[in-house]
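The end of the sequence shown is residue 586 by this note's numbering, with every number in the run present.
Following: one structure in structure tokens, then a few remarks.
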Amino acid sequence: MAAIDPHPAHRPPAAPSTPNAPLATLALAHALSAAERGLAVIPLSRSKLPALPSPHRDDPPSVPRCHGECGLPGHGVYDASTDPRRIRALFAAAPRATGYGIACGLPPHHLIGVDLDTKAGTNSTASLRELALRHLFTIPDTVVVSTPSGGRHLWLSGPPDVVVPNSAGRLAPGIDIRGAGGYLVGPGSRTEHGVYGTVPGTAHLAPAPCPPALLRLLTPPPRPHHPAPGPGGQHGTGLVQFVLGAHEGQRNTRLFWAACRAYENGIGDTLADALTTAAIQTGLPEREARSTIASAARLTGGS
């Protein structure tokens, strides 16, 4: 059972007390409240998609995909931040935002979202219960967010050195997972189908640690190595640029992701120093950067 967290910094955002305010203002207030609790956020539209258009929507397909390295907003979850000034700027550029997304996989919570859907012909709650019985784990008391369709989002906290990928229906029918590179619709957000809200009795809880047995189900085995012919090449340069594009709150996660990809492609050791230098330039201490790269090497079998 998860203990009640006495620290407000761990609580999900509370509803602002101005229900008649414009929707964008309410969404911003909810988002700022979430950011105060260490949750990196982005503005969302009524469709639950990022509210800011991509600055690269007219780029030809041959142009490498940008994850924010250009410095412009409009990169979806890669815009996510806990910095109030940046959040206000994002919402100012998205005046029609009616909600906010919470980026998963980022420190300090390393959030994992278990989305129990209500698709026709599936009972996701029963499926999760069956998985728990089969693999001998229990879902602890944690933050639960209700969706307009009657579904539930369970908030769990993951280890800092484990990357949980996004998946849809892989765990069981009707169960989607939001991990690194994904986001959850935050409570208080208004969409075209209704409002998301924290389930009564869970707002005072911290995101509970993900049970180890469930975590093992969520993390597929490392992919086999496919060594690159040269010492990094364009792929290595792209990974370094990805790290350099990190905003506050993203630095460790971006470095870990890039290091994992480097080791999976057989260039991890070659690229380690360049990735470390890039991380230091974003403000990450050298010791923490090298520890993160070492964790990526262990996870992928690179060392």
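All C-beta atoms in this analysis are idealised placements derived from N, C-alpha and C, irrespective of residue type, glycine included.
- Assignment of beta-bridge partners to His436 by DSSP yields Asp398, Val428.
- Counting only the Cα atoms, Ala557 lies some 10 Å from Gln524.
- At the C-beta level, Pro326 and Gly357 stay beyond 8 Å of one another.
- Assignment of Gly452 by DSSP, reduced to helix, strand and coil, places it in the strand class.
- Counting every other CB atom within 10 Å of its CB across the protein chains shown gives Ser330 a total below 16, marking it as exposed.
- The three-state secondary structure of Ser316, taken from DSSP, is helix.
- The region 539 to 553 makes no contact with the region 390 to 399: fewer than 3 CB pairs, one atom from each, lie closer than 8 Å.
- The continuous beta strand (DSSP E) containing Ile460 extends over residues 458 to 461.
- The Cβ neighbour count for Cys349, taken over all protein chains shown within 10 Å, is at least 16; the residue is labelled buried.
- Secondary structure at Tyr479: coil, using DSSP grouped into helix, strand and coil.
- Around the CB of Gly465, 16 or more other CB atoms lie within 10 Å, so the residue is classed as buried.
- Taking a contact to require three or more Cβ pairs closer than 8 Å, the region 375 to 383 and the region 309 to 319 qualify as touching.
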